[in-house]
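Notes to accompany the following structure.
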Amino acid sequence: MFKFLAGPERDRTEVKIDKDSVERLQVGTVLLESCEFLPKHRFPQWKVIKRFKDRNNTPHVVIQNLGEPTSCKSLSLQGLITSRKYYALQSSYAH
C-alpha cells in the first residue's frame, strides 16, 4: 500500500509496514511514525540502526529518532506490523 505525502515532501512516497514488506527493512531504512496529534510534516522520523534476533529467535529492529538522536526504540518486526503506525520512506527502502 502506498501513501503520498503532501506539500514540499510530495515527491517521497511511504510504504506501509506489513507482513510482506517488513522483512525487507534494512539498516539505514528511514521510518515515518504517524501521530494523530501532529501534522504530517511533523511526524517523527526513525532510522533503522540495527537488526537482531532475541533469545526466542524473534526478529527485532532498533530505531533511532532522526530529530533527537539520543532517543532509540527496540521493536519486534511483529510489533511494527501490529502497531500500524510506521511507514518506510520509499527513498530509503530496500526494493
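According to this note's numbering, the stretch in the sequence shown is residues 1 to 95, in order. Every residue, glycine too, gets a C-beta built ideally from N, C-alpha and C.
Assign residue i to buried or exposed, taking buried as 16 or more other Cβ atoms, counted over all protein chains shown, within 10 Å of its Cβ.
i: T156; result: Within the shown structure, residues of the chain are numbered from 1 to 95, placing residue 156 beyond reach of any answer.
i: E68; result: exposed
i: L31; result: buried
i: T70; result: exposed
i: K3; result: Confidence at K3 is low in this model, with a pLDDT of 42, below 50, so the placement of that residue is unreliable and no value is reported for it.
So who's on the other strand from residue i, going by DSSP bridges?
i: I63; result: V48, K73
i: L89; result: E14
Could you pull out every residue in the same chain whose Cβ sits closer than 6 Å to the Cβ of residue i, ignoring the five residues on either side in sequence?
i: I49; result: V62, Q64
i: R51; result: V61
How close, in whole Å, do the beta carbons of residue i and residue j come, if the pair is a contact with beta carbons under 8 Å?
i: L88; j: V15; result: Correcting the residue identity first, residue 88 is Ala in this sequence and not Leu. About 5 Å; that satisfies the 8 Å criterion.
i: L38; j: P59; result: Contact flag wrong, Cβ pair sits at about 29 Å.
Go through its chain and collect everything with a Cβ distance to residue i's Cβ below 7 Å, but skip five positions before and after it.
i: E33; result: F43, P44, W46, K85, Y86
i: K19; result: I81
Can you find the residues in the same chain that come closer than 8 Å, C-beta to C-beta, to residue i, ignoring five residues on each side of it along the sequence?
i: C72; result: I49, V62, I63, Q64, N65
Would you mind listing the beta strand (DSSP E) stretches within the stretch 17-42 that are 3+ residues and don't spill past its ends, in chain order? Runs of the beta strand (DSSP E) inside the stretch 17-42: 30-33.
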